[in-house]
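All remarks here apply to the structure that follows.
Numbering (our numbering), first residue to last: 2 to 464.
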C-alpha cells in the first residue's frame, strides 16, 4: 500500500489526541506539516507547543485553517465535520482530504479488524483483543481507551492482529480503508446534531464495508433492523450474531441459554450465557460479536470462553465503582444517548437511582419519550443535571416517573441519590447525553463521579 510522505506538505486539522499522533507520524517520515486548530495554544496539550518547537508549522486560534489549500494532502480529525467550510475549500482547491484511520490503513502491516456501531465498540474491541491474546495470537487494540490507530501501526508487524474501534465520524473520511474483518454491532439514533437523519448516519457506518472483497469477513447483528437491512449489499463473507435466534453462519444464544457457533469448521458450544461476567443483555450481544470475530481469526472456543468468564468490563461502561452501606455505585458515563442508558438499565434487577443529563446529542425532544417510559419502569428515582435536565425530567414524568429531582452539580446529584438509597439499591450515572456542558469529556465526567463516591465513602467511614 503506502502513501508518499517524504517532502510533501500535509495539513493536519484538529490537535487533540489523534491529530497529535498523526502530526508526529508524518513529521518522523519527512513530511512538511502544517498543524491547525481553532483553539489557542493555552487550551491545547503541551505536546502541541513541543511540535511547534520541533519545526511543525502551527496555525491556531484566529489563524486556524489558513494555508490548507496549499497542502498536498489534508488529514482531518473526526471531531471536525467533513463538510466544514475549511475542508470544503481544501477539496475545491483539489486537495485530498482523508482521516486518521485512512492514513493509518496505508501503513498497516497487520491483519486489521474494524468494529463500529452506535454502542458497544470499546467493550467489543477490548473483549476481542483479550480473546486473541489469551490464545497466543498477538493483538493490539486501537481506539478510545488505547492509542489511535496511527500510533499502533508504528509498533505492529505482520504477526499481529490490530483491532480498531471506529466511529461514523472517522469513516466519513475513508476512501481505500479495507478491514479484513468488519463488525457492525448496532445502529440507533445518535449524533443527530451532525447528521440529517438516521439513514445518513447509518450510511456513514456502512462505509466500513465499502472496500471489502469476497475474501474478507462482514460480521453483523441479525437482531438489529438497520444492520440486517444493510447486510444484503455487503461483499464480504457474511457472519451473523444473534441473542434471539439461531443463525446458519455465525454465533448465537440457543434455547438452552448457551453461546453456540455455527461457523464452518468452528461449530460447537462456547459457554453458558450465565457465565458471561459483564452485566446486561446488550453485553451478551457484544460477547457474541467478539466471539464471531475471534473464531474467524482462528481463536479457540476454550480461550474465548475463559475470557468471557473473567472479563469485567472497561472504565465508564457499567463500571462498578464501590459499594457503600449496601448501595452499589455504577459509572456508565459513556452512555451518551438514550439507547445506551436503556440497555444499561436492563442489566439490573435491583432498584436504580439514576443520574442523567448533559448536552443532548438528540435534536428532537420527543426522542426522549421512549427513554422516559423505560426510566419510569425501571428506576426508583431520577436526578437530572446539565443542559438537558428539564427535557429528561419532562419525558420521564410523561412516562410515569414519580420521583424526579434536580441537582446543580454531579457531586450534589451523587450525594442526593445516595441519600435516597437503601441497602441493595444502585446509584447509576448513565447520562443519555454528551458531557461538554459541564466536563471536558465523558472520561472526566466519570472521574468526577468516582471522586464523589470516594468522598461519600470517606464521610460514611467517619460516621
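Just so it is clear, CB atoms sit at the ideal spot from N, CA and C, and this is done for glycine as well.
Quick one: what's got a C-beta closer than 6 Å to residue i's C-beta in the same chain, skipping five residues either side?
| i | result |
| --- | --- |
| residue 227 | 188, 203 |
| residue 245 | 224 |
| residue 74 | 11, 97 |
| residue 243 | 223, 224, 253 |
| residue 380 | 353, 355 |
| residue 181 | 112, 113, 217 |
Give a yes or no on whether the C-beta atoms belonging to residue i and residue j are separated by under 8 Å.
| i | j | result |
| --- | --- | --- |
| residue 447 | residue 344 | no |
| residue 383 | residue 402 | yes |
| residue 125 | residue 167 | no |
| residue 278 | residue 310 | yes |
| residue 178 | residue 145 | no |
| residue 122 | residue 172 | no |
| residue 388 | residue 426 | no |
| residue 54 | residue 21 | no |
| residue 294 | residue 305 | no |
| residue 405 | residue 419 | no |
| residue 67 | residue 32 | no |
| residue 339 | residue 433 | yes |
Buried or exposed for residue i, going by 16 or more other Cβ atoms inside 10 Å?
| i | result |
| --- | --- |
| residue 441 | exposed |
| residue 258 | exposed |
| residue 326 | exposed |
| residue 490 | Shown here, the chain extends from 2 to 464; a query on residue 490 therefore has no answer. |
| residue 300 | buried |
| residue 424 | exposed |
| residue 41 | exposed |
| residue 335 | buried |
| residue 207 | buried |
| residue 464 | exposed |
| residue 51 | exposed |
| residue 332 | buried |
| residue 169 | buried |
| residue 78 | buried |
| residue 197 | exposed |
Under DSSP, the alpha helix (DSSP H) around residue i begins and ends at which residues?
| i | result |
| --- | --- |
| residue 354 | Careful: residue 354 lies outside any alpha helix (DSSP H), inside the beta strand (DSSP E) at 353 to 357. |
| residue 106 | 101 to 106 |
| residue 391 | 390 to 399 |
| residue 446 | 443 to 463 |
| residue 151 | 150 to 156 |
| residue 287 | 282 to 297 |
| residue 171 | 169 to 172 |
| residue 89 | 86 to 93 |
| residue 52 | 47 to 54 |
| residue 131 | 122 to 135 |
| residue 381 | Counting along the chain, residue 381 falls outside any alpha helix (DSSP H), though it belongs to the beta strand (DSSP E) covering 380 to 385. |
Apart from the five residues just before and just after residue i, which ones in its own chain have a Cβ nearer than 7 Å to its Cβ?
| i | result |
| --- | --- |
| residue 161 | 111, 139, 140, 141 |
| residue 23 | 13, 76, 101, 104, 151 |
| residue 373 | 396, 397, 399, 400, 402 |
| residue 377 | 397, 400, 401, 402 |
| residue 241 | 221, 223, 248, 250, 251 |
| residue 291 | 125, 128, 129, 132 |
For residue i, would you say it is in contact with chain B, using Cβ-to-Cβ distances shorter than 8 Å as the test?
| i | result |
| --- | --- |
| residue 307 | Annotation note: the requested chain B is absent from the structure, which comprises a single protein chain. |
Specify, as a first and last residue, the run of the beta strand (DSSP E) that residue i falls within.
| i | result |
| --- | --- |
| residue 11 | 10 to 14 |
| residue 62 | No beta strand (DSSP E) contains residue 62, which DSSP labels as neither H nor E. |
| residue 38 | 33 to 38 |
| residue 270 | 269 to 273 |
| residue 27 | Residue 27 -> not in any beta strand (DSSP E); alpha helix (DSSP H) instead, spanning 18 to 29. |
| residue 165 | 162 to 166 |
Verify the contact flag: residue i, CB atom, against every heavy atom of the ligand ATP, threshold strictly below 7 Å.
| i | result |
| --- | --- |
| residue 413 | Ligands in the displayed structure: none, and consequently the ligand ATP is not present. |
Margin query: If contact is defined by three or more beta carbon pairs under 8 Å, each pair taking one atom from either stretch, is the region 57 to 65 in contact with the region 125 to 143?
Written below: no
Next item on the list: Decide yes or no for the touch test of the region 314 to 323 against the region 393 to 400: beta carbon pairs closer than 8 Å, at least 3 of them.
Entry: no
Notebook entry, point to check: Between the region 36 to 44 and the region 8 to 17, are three or more C-beta pairs nearer than 8 Å?
Noted result: yes
Checklist line | Inter-stretch contact at 8 Å, needing at least 3 Cβ pairs: the region 258 to 276 / the region 84 to 103 | finding: no
Next item on the list: Taking 8 Å as the threshold, find out whether the region 452 to 460 comes into contact with the region 322 to 341 through three or more Cβ pairs.
Entry: yes
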